[in-house]
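I have placed the structure first, in the form of structure tokens, so that the comments after it can refer back to it.
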Amino acid sequence: LGCFVSIQLAIFALGAIIRAIDRHEKLVDLFNLPQDPGHAGPGTGFEALQHHKLTYYVAGLLALLAGTGASVTLILLIRACSRPARGHGLMRSGCDCGCDVCCC
1 LGCFVSIQLA IFALGAIIRA IDRHEKLVDL FNLPQDPGHA GPGTGFEALQ HHKLTYYVAG
61 LLALLAGTGA SVTLILLIRA CSRPARGHGL MRSGCDCGCD VCCC
């Protein structure tokens, strides 16, 4: 339950940050999701979260997924690049040519 709540809080926080950046509510038009009626134009952040909560929840979710994917990709690339090459250390003992291809 704690993990679920923290993920929901992260999605909400990212959605609120995105709403703060999206002052003219361009994402509302872009996503074109069903919204609560009664909100004619851009209003305060509270009004946007009240009438356009699905838009900013989806935006927060997409931001969280993109950030997680980028972080995991970066970690995997760093781990892969920090390991020695597969052929490293496979040279014959009497080989002094200096290349893996000719001496393996």
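Here the sequence shown is numbered in UniProt numbering, starting from 1 and rising by one per residue. Note that CB positions come from ideal geometry on N, CA and C, so glycine has one too. It should be emphasised that the depicted structure is a prediction, and the values quoted were computed from it without experimental measurement.
Have a look at Glu25 and Leu14 and give me their C-alpha separation to the nearest angstrom. Working through the sequence shown from its first residue, we reach residue 25 at position 25. Working through the sequence shown from its first residue, we reach residue 14 at position 14. If I take the Cα positions, the gap works out to 15 Å.
For Leu30, report the span of its alpha helix (DSSP H) as first-last. Along the sequence shown, read from residue 1 onward, the residue named residue 30 stands at position 30. Note, Leu30: alpha helix (DSSP H), 26-31.
Span of the alpha helix (DSSP H), counted from its first residue to its last, around Arg79: Along the sequence shown, one-based indexing puts residue 79 at 79. Arg79 -> alpha helix (DSSP H) spans 53-82.
Does the region 27-36 come into contact with the region 50-68, if we say contact requires no fewer than three beta-carbon pairs (one atom in each stretch) closer than 8 Å? yes
Inter-residue Cα distance where the pair is Arg23 and Gly60: Counted from its first residue, the sequence shown places residue 23 at position 23. Counted from its first residue, the sequence shown places residue 60 at position 60. Cα-Cα distance, rounded: 15 Å.
For Arg23, does the three-state DSSP call read helix, strand or coil? Looking up residue 23 in the sequence shown gives position 23. Here Arg23 sits in coil by DSSP.
With H, G and I counted as helix, E and B as strand and the rest as coil, what does DSSP make of Gln35? The residue you call residue 35 lines up with position 35 of the sequence shown. Coil, per DSSP.
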